[in-house]
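In what follows, a structure is listed as structure tokens, so that the remarks can point back to it.
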Amino acid sequence: MTYCTDVSSLSGVAVGQRSDIVSLSKSSSFSSVYASTAWVRRPDNGMFNNAPVVAVMSQINIQQNHKTLITVSVSDPDGDTIRCRWANSSNGVDECGSICPPGSLPVNTAIYSNCTVEIIGASAASGYAIA
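Residue 112 in the UniProt record's numbering sits at position 112 of the sequence shown; the count goes up by one each step and never skips.
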């Protein structure tokens, strides 16, 4: 069974994964094949596609009533284009649990496609989770 793991209505793409356990005898051979339609085209460089890598501190202190810019360090080993967005809970896929923006963040908090977050601390001693 294939499970849907991510959906982008903007891009018109759904992603899934499947895991199977198959018992084989020593002299057996097998093939694993993707067979279907509607695959996203990407340049064939003879390599498997690697996931983007993100590095960010687990806790960042921001000042109350001051704009803070947080740059999320992202890279892609294959050189694919990277765009950042808020996680969401839609189409039956929950990417962020109880911390879905914008309700979990101060008003006017923004994320830009270059992976910079702009946030103004709304009150002292508050914590915000970003997904």
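Ideal Cβ placement from N, Cα and C applies to all residues, glycine included. Nothing here was measured: the structure is a model prediction, and the numbers come from that model.
* Asked: Taking the runs of the beta strand (DSSP E) that are 3 residues or longer, which of them lie wholly in the region 53-124?
  -> Given a length threshold of 3 residues, each whole run of the beta strand (DSSP E) inside the region 53-124 is given here in chain order: 53-55, 67-71, 73-75, 116-120.
* To do: Please name the residue in Gly92, Val93, Val56, Asn88 whose C-alpha comes closest to that of serine 104.
  => Working through the sequence shown from its first residue, we reach residue 104 at position 104. Checking every option, the nearest Cα to that of serine 104 belongs to Asn88.
* Would you mind giving the Cβ-Cβ distance between asparagine 108 and isoleucine 99, rounded to the nearest angstrom? I have them listed as a contact below 8 Å. => To locate residue 108, count along the sequence shown from 1; it is residue 108. To locate residue 99, count along the sequence shown from 1; it is residue 99. Contact doesn't hold; Cβ gap of about 18 Å is too wide.
* To do: Can you tell me which of the three DSSP states alanine 14 falls into?
  => Taking the sequence shown and counting its residues from 1, one reaches residue 14 at position 14. The answer is strand: DSSP assigns alanine 14 an E or B state.
* **8 Å Cβ cutoff met for valine 72 and cysteine 115** => In the sequence shown, counting from the first residue as 1, residue 72 sits at position 72. In the sequence shown, counting from the first residue as 1, residue 115 sits at position 115. Against a cut-off of 8 Å, the Cβ pair of cysteine 115 and valine 72 comes out as a contact.
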